[in-house]
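>
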Amino acid sequence: MSRSRDRSYLWVYYVAAGLLFAGAVFRSLLVVEDNTVLRTALLLLLAWLALFVSEIFISRIWRPWFMVCLALQSAIVAILVAQPGHYDFYAVLFGVLAMQAFQRLGLWPGVAYLAAFVPLMAVPLFSRYEPAEAATFVLIYTAVNVFLGYYALATRRATEARAANQAAGRELEAANLELRDYVERLERLAVAEERNRVARDLHDSVTQTIFSMTLASQSAAILLEREPERVDIQLERLGQLTQSALAEMRALVSELRPDGLAEGGLQAGVRRDIERRARDGFSVSLEMDDAPGRLPGDVGTEAVMSIAEERGLLRIVQEALNNAVKHSGVTEATVRLRLRPPLRIEVEDRGRGFDAGQARGGSGMGLTSMSERASEIGWDLEVRSESGKGTEVIVERPGEGGR
38 MSRSRDRSYL
48 WVYYVAAGLL
58 FAGAVFRSLL
68 VVEDNTVLRT
78 ALLLLLAWLA
88 LFVSEIFISR
98 IWRPWFMVCL
108 ALQSAIVAIL
118 VAQPGHYDFY
128 AVLFGVLAMQ
138 AFQRLGLWPG
148 VAYLAAFVPL
158 MAVPLFSRYE
168 PAEAATFVLI
178 YTAVNVFLGY
188 YALATRRATE
198 ARAANQAAGR
208 ELEAANLELR
218 DYVERLERLA
228 VAEERNRVAR
238 DLHDSVTQTI
248 FSMTLASQSA
258 AILLEREPER
268 VDIQLERLGQ
278 LTQSALAEMR
288 ALVSELRPDG
298 LAEGGLQAGV
308 RRDIERRARD
318 GFSVSLEMDD
328 APGRLPGDVG
338 TEAVMSIAEE
348 RGLLRIVQEA
358 LNNAVKHSGV
368 TEATVRLRLR
378 PPLRIEVEDR
388 GRGFDAGQAR
398 GGSGMGLTSM
408 SERASEIGWD
418 LEVRSESGKG
428 TEVIVERPGE
438 GGR
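Residue numbers (our numbering): 38 to 440.
Next up, the structure:
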């Protein structure tokens, strides 16, 4: 055990040792009449005290010294008890040694020490007193030593428990610090993810509407020169697009679902997007099986797709069509919705196409946004394109691929 011991135990230990030792000295001075025996007893007591004091300091740098002192001090007490005459009172010094044994060595070594102490004390006592009187002395001194020894053991265990609690407290504090650090990292990550999500939503929804506003304003400028009487139609259309952009921004800020999914699910959302593009002059052909997809309010029917999947797929379709409008060079595209297993969605145009390999290494938000959205909902996305041969965006649920 560590040399650092409970302060309350040290106080009791030193007071008890001092009182017992002082009692043995004064009793010697009062009882021992033979000067030779008295000198011998006092020298032995002085040697016992020297060992007691030296153990306090030397054991700190050389632990085996404790066992040496314990053995020598026990031998000194045994010699004092065995002196000719009635000197049973020296046995009280075994109490100090019992406290040391239990405190330093633990339960079973302390019990072993008590077992060795009893015969060392009993033999000389039975040789000088009547059996009944000797047995009484043995029982009294043994009881005192057991009490002192177990008090020391209880203090040892309390000290160990306190040290364990302090260590557990430090570990808990360290764990709390790590947890707080982890929470802070999660919060920073959540903020970064939220920024990315907002960037995607801005790009996928509002950007498309603003792009349509740009086309409408360009058309209005052209009509102003060629057919001024039709400018009002385009300006009205521009106002509608402005209101739509404002609504999308409000929905984004308030964390609402996209307008396209408010009613009717993915199919209705795609249809509304196609209708909006048709008003801008971009024709989209919709091919769709008769699968119900998600049936709002259909109790007891497991949804084919979750709301999160529908939201992500709608955004992917919108982005794919937006890229077709911007880059294909044609005014028509095809959307295929396969909403029965295997679940699959395709967006295809017959435009100028591009080098898909080079596009993957770029930093355009379009392909990156579609890929991130597909990954978030657990779907696979593939972009097939070649220069001059159009582009096809395919998104399908893993394990359900195949045409």
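Built from N, CA and C at the ideal position, the CB exists for glycine as well.
Ser424: buried (16+ other C-beta within 10 angstroms of its C-beta) or exposed?
The residue you call residue 424 lines up with position 387 of the sequence shown. The residue is exposed, with fewer than 16 neighbouring Cβ atoms inside 10 Å.
> Once DSSP output is grouped into helix, strand and coil, what is the label at Glu433?
The count along the sequence shown starts at 1 and reaches residue 433 at position 396. In the structure shown, Glu433 sits in a strand (DSSP, three-state: E or B).
> From this set, Ala357, Leu278, Leu283 and Ile270, which residue's C-alpha is nearest Val307's C-alpha?
Start at 1 with the first residue of the sequence shown, and residue 307 comes out as number 270. Considering only alpha carbons, the answer is Ala357.
> Which ranges does the beta strand (DSSP E) cover as unbroken runs of at least 3 residues, wholly within the segment 165 to 240, from first to last along the chain?
none
> Pick from Gly147, Arg309 and Leu157: whose alpha carbon is nearest that of Ala128?
Sequence index remark: in the sequence shown, residue 128 carries index 91 (1-based). Minimum Cα distance to Ala128 is reached at Leu157.
> For Lys426 and Ala315, I'd like the C-alpha separation in whole angstroms.
Start at 1 with the first residue of the sequence shown, and residue 426 comes out as number 389. Start at 1 with the first residue of the sequence shown, and residue 315 comes out as number 278. For Lys426 and Ala315, the distance between alpha carbons rounds to 23 Å.
> Between the alpha carbons of Gln280 and Leu351, how many angstroms are there, rounded?
Locating residue 280 in the sequence shown gives position 243, where the first residue counts as 1. Locating residue 351 in the sequence shown gives position 314, where the first residue counts as 1. When rounded, the distance between both Cα atoms is 21 Å.
> What is the residue span of the alpha helix (DSSP H) that Thr73 lies within?
Position 36 of the sequence shown, counted from the first residue, corresponds to residue 73. Counting along the chain, the alpha helix (DSSP H) containing Thr73 begins and ends at Asn72 to Ile95.
> For Ile382, which residues from the same chain have a beta carbon less than 8 Å from its beta carbon, with the 5 sequence-adjacent residues on both sides left out?
The residue you call residue 382 lines up with position 345 of the sequence shown. If we look at Ile382 and ignore the five residues flanking it on each side, its Cβ neighbours are Leu350, Ile353, Val354, Val372, Arg373, Leu374, Arg375, Ile431, Val432 and Glu433.
> For Ala253, tell me which candidate among Val243, Glu273 and Glu266 has the shortest Cα-Cα distance.
Within the sequence shown, the letter at position 216 stands for residue 253. The shortest C-alpha separation from Ala253 is found at Glu273.
> Got a sec? Which residues, its chain only, sit under 7 Å from Gln271 by beta carbon, not counting five neighbours each side?
Against the sequence shown, residue 271 aligns to sequence position 234. Annotation for Gln271: Ala253, Ser256, Ala257 and Leu260 place their beta carbon closer than 7 Å to its own, counting only its chain and skipping 5 residues before and after.
> Would Leu134 and Leu57 be called neighbours here (beta carbons separated by less than 8 Å)?
As a first step, residue 134 must be located in the sequence shown, where it is residue number 97. As a first step, residue 57 must be located in the sequence shown, where it is residue number 20. No, the Cβ-Cβ distance between Leu134 and Leu57 is not below 8 Å.
> With a threshold of 8 Å between beta carbons, is Arg352 in contact with chain B?
Judged by its chain identifiers, the structure shown contains no chain B, having just a single protein chain.
> So the candidates are Leu142, Ala345, Arg64 and Gln140; which of them puts its Cα closest to the Cα of Ala411?
Taking the first residue of the sequence shown as position 1, residue 411 is located at position 374. Measuring from the Cα of Ala411, the nearest candidate turns out to be Ala345.
> Report the rounded CA-to-CA distance for Ala198 versus Ala138, giving the unit in angstroms.
What you label residue 198 is simply residue 161 of the sequence shown in a count that begins at 1. What you label residue 138 is simply residue 101 of the sequence shown in a count that begins at 1. Going by the C-alpha atoms only, they are around 19 Å apart.
> Could you check if Pro161 is buried or exposed, using at least 16 other CB atoms within 10 Å of its CB as the buried criterion?
Walking along the sequence shown from the start, residue 161 turns up at place 124. Buried, since its Cβ has 16 or more Cβ neighbours within 10 Å.
> What number of angstroms, rounded off, separates the C-alpha of Val62 from the C-alpha of Glu170?
Locating residue 62 in the sequence shown gives position 25, where the first residue counts as 1. Locating residue 170 in the sequence shown gives position 133, where the first residue counts as 1. Computed Cα separation, rounded: 23 Å.
> Would you call the segment 143 to 152 and the segment 71 to 89 in contact, with 3 or more CB pairs under 8 Å?
With a cut-off of 8 Å, the segment 71 to 89 and the segment 143 to 152 do not count as touching, because too few Cβ pairs lie within range.
> Applying the 10 Å Cβ sphere with the 16-neighbour rule, what's the burial state of Glu347?
In the sequence shown, residue 347 corresponds to position 310, counting from 1. Taking a 10 Å sphere around the C-beta of Glu347, we find 16 or more other C-beta atoms and assign the residue as buried.
> Along the chain, which unbroken stretches of the alpha helix (DSSP H) at least 4 residues long are found entirely within the segment 339 to 392?
344 to 360
> Select from Trp416, Asp392 and Ala370 the residue whose C-alpha is nearest the C-alpha of Pro379.
Here residue 379 corresponds to residue number 342 of the sequence shown, with the count starting at 1. Residue Trp416 is the option with its Cα nearest to Pro379.
> Report yes if the CB atom of Gln110 is closer than 8 Å to the CB atom of Trp85, and no otherwise.
Here residue 110 is taken as the residue at index 73 of the sequence shown, counted from 1. Here residue 85 is taken as the residue at index 48 of the sequence shown, counted from 1. For Gln110 and Trp85, yes; Cβs fall inside 8 Å.
> On the DSSP letters alone, give me the boundaries of the alpha helix (DSSP H) that Ser256 sits inside.
Position 219 of the sequence shown, counting from 1, holds the residue named residue 256. Taken as a continuous stretch (DSSP letters only), the alpha helix (DSSP H) holding Ser256 covers Thr244 to Arg263.
> DSSP state of Leu293, grouped into three classes?
Taking the sequence shown and counting its residues from 1, the one referred to as residue 293 is at position 256. Unreliable positioning characterises Leu293 in this predicted model, as indicated by a pLDDT of 44, which lies under 50. A coordinate reading is not provided.
> Near Gly334, what residues of its chain come up, given a Cβ to Cβ distance below 7 Å and the 5 sequence neighbours on each side ignored?
Here the question's residue 334 lines up with position 297 in the sequence shown. Any reading at Gly334 must be qualified, since the residue scores a pLDDT of 39, below 50, and its modelled position is unreliable; no value is offered.
> Hey, would you say Val367 sits closer than 8 Å to Gly388, going by beta carbons?
Here the question's residue 367 lines up with position 330 in the sequence shown. Here the question's residue 388 lines up with position 351 in the sequence shown. Yes. Within cutoff.
> What are the residues that DSSP puts in a beta bridge with Val118?
In the sequence shown, counting from the first residue as 1, residue 118 sits at position 81. In DSSP, Val118 forms no bridge with anything.
> Excluding sequence positions up to five away, which residues of its chain have a Cβ less than 8 Å from the Cβ of Val52?
Mapped onto the sequence shown, residue 52 falls at position 15. Excluding residues within five positions, none has a Cβ falling inside 8 Å.
> In terms of residue numbering, what span does the alpha helix (DSSP H) encompassing Glu312 cover?
Working through the sequence shown from its first residue, we reach residue 312 at position 275. Where Glu312 is concerned, the enclosing alpha helix (DSSP H) stretches over Gly302 to Arg316.
> According to DSSP, is Arg421 helix, strand or coil?
In the sequence shown, counting from the first residue as 1, residue 421 sits at position 384. DSSP places Arg421 in strand when its eight states are reduced to three.
> Whole angstroms are fine: how far does the CA of Arg165 sit from the CA of Ala87?
Translated into positions along the sequence shown, residue 87 becomes position 50. Translated into positions along the sequence shown, residue 165 becomes position 128. Computed Cα separation, rounded: 29 Å.
> Compare the beta carbon distance of Met104 and Gly186 with 8 Å and say whether it is the shorter of the two.
Within the sequence shown, residue 104 is the residue found at index 67, counting from 1. Within the sequence shown, residue 186 is the residue found at index 149, counting from 1. No. Outside cutoff.
> Would you decide whether Tyr50 is buried or exposed? Buried here means 16 or more other CB atoms lie within 10 Å of its CB.
Position 13 of the sequence shown holds residue 50. Per the 10 Å Cβ criterion, buried.
> Can you tell me which of the three DSSP states Val321 falls into?
Translated into positions along the sequence shown, residue 321 becomes position 284. Here Val321 sits in strand by DSSP.
> Since Ile311 and Ala282 should fall inside the 8 Å C-beta cutoff, what is the C-beta to C-beta distance between them, to a whole number of angstroms?
Within the sequence shown, numbered from 1, the residue matching residue 311 stands at position 274. Within the sequence shown, numbered from 1, the residue matching residue 282 stands at position 245. 18 Å between Cβ atoms; not a contact.
> Label Gln203 either buried or exposed according to how many other C-beta atoms from any shown protein chain fall within 10 Å of its C-beta, with 16 as the threshold for buried.
The residue given as residue 203 occupies position 166 in the sequence shown. When all chains shown are included, Gln203 counts as exposed.
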